[in-house]
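Notes for the one structure printed next.
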Amino acid sequence: MARSAVVSTSLGVGLATGLYGVSFGALSVAAGLDVWQTQVLSLLMFSGGSQFAFIGIIAASGLGSVAVGAAVVSAWLLGIRNGFYAVRMAPILQRVGLQKLIPALLTIDESTAVATAQVNPSEQRKGFWLTGLAVFVFWNLATLLGAFLGDAIGDPGTWGLDAAAAAAFLGLIWPRLKERQSLAVAAFSMVIAVVLTPLLPAGVPVLVAGGVAIVFGISNWLAVRPK
Amino acid sequence: MNLDIWTGILLASAAVYSWKIIGFLLPSSVLNKPVVSRSAALLTVALLSALLGIQGFTSDTQFTLDARLPALAVGAILLWLRAPFIVMVAAAAATAALIRLLLG
Numbered sequence: 027m028a029r030s031a032v033v034s035t036s037l038g039v040g041l042a043t044g045l046y047g048v049s050f051g052a053l054s055v056a057a058g059l060d061v062w063q064t065q066v067l068s069l070l071m072f073s074g075g076s077q078f079a080f081i082g083i084i085a086a087s088g089l090g091s092v093a094v095g096a097a098v099v100s101a102w103l104l105g106i107r108n109g110f111y112a113v114r115m116a117p118i119l120q121r122v123g124l125q126k127l128i129p130a131l132l133t134i135d136e137s138t139a140v141a142t143a144q145v146n147p148s149e150q151r152k153g154f155w156l157t158g159l160a161v162f163v164f165w166n167l168a169t170l171l172g173a174f175l176g177d178a179i180g181d182p183g184t185w186g187l188d189a190a191a192a193a194a195f196l197g198l199i200w201p202r203l204k205e206r207q208s209l210a211v212a213a214f215s216m217v218i219a220v221v222l223t224p225l226l227p228a229g230v231p232v233l234v235a236g237g238v239a240i241v242f243g244i245s246n247w248l249a250v251r252p253k
Numbered sequence: 005m006n007l008d009i010w011t012g013i014l015l016a017s018a019a020v021y022s023w024k025i026i027g028f029l030l031p032s033s034v035l036n037k038p039v040v041s042r043s044a045a046l047l048t049v050a051l052l053s054a055l056l057g058i059q060g061f062t063s064d065t066q067f068t069l070d071a072r073l074p075a076l077a078v079g080a081i082l083l084w085l086r087a088p089f090i091v092m093v094a095a096a097a098a099t100a101a102l103i104r105l106l107l108g
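So the sequences go chain by chain: S and X. Numbered by the working numbering, the letters in the first sequence go through residues 27 to 253 in order. Numbered by the working numbering, the letters in the second sequence go through residues 5 to 108 in order.
See below:
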C-alpha cells in the first residue's frame, strides 16, 4: 500500500471507530456512571468490547460489590483477544523494555488489523501507530461528547438507550459469527444467561456463559472438521 | 469486602491492560496453540452473547420481551446490509423510542 494510503486508512478507521464512542459515552452515563468515570474507562481501559461489557453489567445489575466484581471479571475476560494481537504486533514493533508500555495500550482490533494488512515492516509500524493514536483520540473525544449528551437527555428508556446497548452487543458479536461452532456458542450463552439471571447474583450468569465457551473450546464440539 | 465503582474501574482497566502487556512479553508459542486461540475466540462470543441476552431480554432480573426485540430486529437487518455500527445502534434506539412513544 502506498504511503498516503496507510495514512488515510488509519485516519478513516480512527474516525469511524471513534464515532461509536458517542454511543459508549451515552450508554455509560445511562448505566449510572458519571462523566469522569466514563472518560477514565475510555482513557485507561481503551477496548470497546470490555468497556461495553463493564457498563452493561452495571446497567443491568447496579453498583453493588458483586455486580462491580462481575463487571471487572467480564471486562478482563473480554480483553483476552488483545493479548493475541499483542503477540502478532511484538515482532513487528520490536520494542524493548519500557518502550512496550504505550504500544501495549494501543493494541486493539483496529490498530492490529490495519498494521497486519500492510506488506512491508515500516508501513506495518506506521499503520499500527497512526491507527492506534487516531482511534484513541477520536474514541476519547466521542466518549466525552456522548457522556454529556447522555447526561442531558434524562430517562434513557424514552430514547431507546437500553435497546441501543443491546444493539451494541449485537454489533460486536456479528462479525464473529462465521461458522456453526460460534453460532452454537452464541445461542447457548445467550439462553443460559437469561435463564440464570433470576437465579444467580447479578453479573454471575455472564461468567457462567464464559465457562460454556471454554468447554466448547477445549472439546472443539460442533467444529467443522477439515475435509 | 466492599468493591466500589472507582476501584472497579481502575481494577478492570489494569486487568484489560494486563493481556496486552502479557502478549508483548510472552513467547508467541504459548498463545499460538489452536486450543488456546479457539477457546479465547469462543470466550469473546459467549460473553458478548450473554450480555446481549441480559441487556436485550431481561428487566429487573426477569425475562422480558418489549420494544427492544423489534429494535434488535432492525439492528440485525442493518448489520446484514453492512450498515456502519453507529448507524445501526442509532436506528435500534430510534425504533425502541418510537414504539414506546406510539404505544405509551
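All residues carry an ideal CB built from backbone N, CA and C; glycine is no exception. Source: prediction; values computed, not measured.
- Taking the CA atoms as reference points, S:T223 sits about 43 Å from S:L124.
- Taking the Cβ atoms as the reference, S:F72 lies roughly 7 Å from S:I134, within the contact range of under 8 Å.
- Take the alpha-carbon of S:L203 and the one of S:F80: they are about 22 Å apart.
- Spanning the alpha carbons of S:V32 and S:V161 requires a straight line of approximately 14 Å.
- With 16 or more neighbouring CB atoms inside 10 Å of its own CB, S:L233 falls in the buried class.
- Between S:G51 and S:T64, the C-beta spacing is below 8 Å.
- For S:S87, the enclosing alpha helix (DSSP H) covers residues 74-87.
- Listed by position along chain S, the residues whose Cβ is nearer than 7 Å to that of X:I81 form an empty set, because the closest Cβ is around 11 Å away.
- S:L59 is positioned such that its CB atom lies closer than 8 Å to that of X:I9.
- Sequence-ordered contacts of the segment 40-63 of chain X with chain S read V40, S41, R42, S43, A44, A45, L46, L47, T48, V49, A50, L51, L52, S53, A54, L55, L56, G57, I58, Q59, G60, F61, T62, S63 [C-beta pairs closer than 9 Å].
- Shown here, X:Q66 sits in a strand according to DSSP, grouped into three states.
- Taking all protein chains shown into account, X:V34 has fewer than 16 neighbouring C-beta atoms within 10 Å of its C-beta and is therefore exposed.
- At least one beta carbon of chain X lies nearer than 8 Å to the beta carbon of S:S76.
- In this structure, the alpha-carbon of X:S32 lies about 26 Å from that of X:L15.
- Secondary structure of S:Q120 (DSSP, three-state): coil.
- Relative to S:A219, the option among X:G60, X:A101, X:A54, X:D64 whose CA is nearest is X:A54.
- Excluding five sequence positions before and after S:S49, the CB atoms of its chain that fall closer than 8 Å to its own CB belong to G172, A190, A194, given in chain order.
- Residue burial annotation: S:V163 is exposed, with fewer than 16 other C-beta atoms found within 10 angstroms of its C-beta.
- Across the structure, S:A210 and S:L248 are spaced so that their CA atoms are roughly 8 Å apart.
- In this structure, DSSP gives X:A71 a state outside helix and strand, which the three-state scheme calls coil.
- Within the segment 115-180 of chain S, the runs of alpha helix (DSSP H) at least 4 residues long that lie entirely inside it are, in chain order, 127-131, 135-142, 147-178.
- Residue environment: S:W62 is assigned as exposed (fewer than 16 neighbouring CB atoms within 10 Å of its CB, all protein chains considered).
- The Cβ atoms of X:F89 and S:G197 sit closer than 8 Å to each other.
- With a cutoff of 8 Å on beta-carbon distance, X:L51 and S:G236 are scored as near each other.
- For a Cβ distance threshold of 8 Å, nothing in chain S lies close to X:K37: the least Cβ distance comes to about 11 Å.
- Counting other Cβ atoms within 10 Å of its Cβ, S:E136 reaches 16 or more and is therefore classed as buried.
- Here S:A96 is near S:A228, since their CB atoms are less than 8 Å apart.
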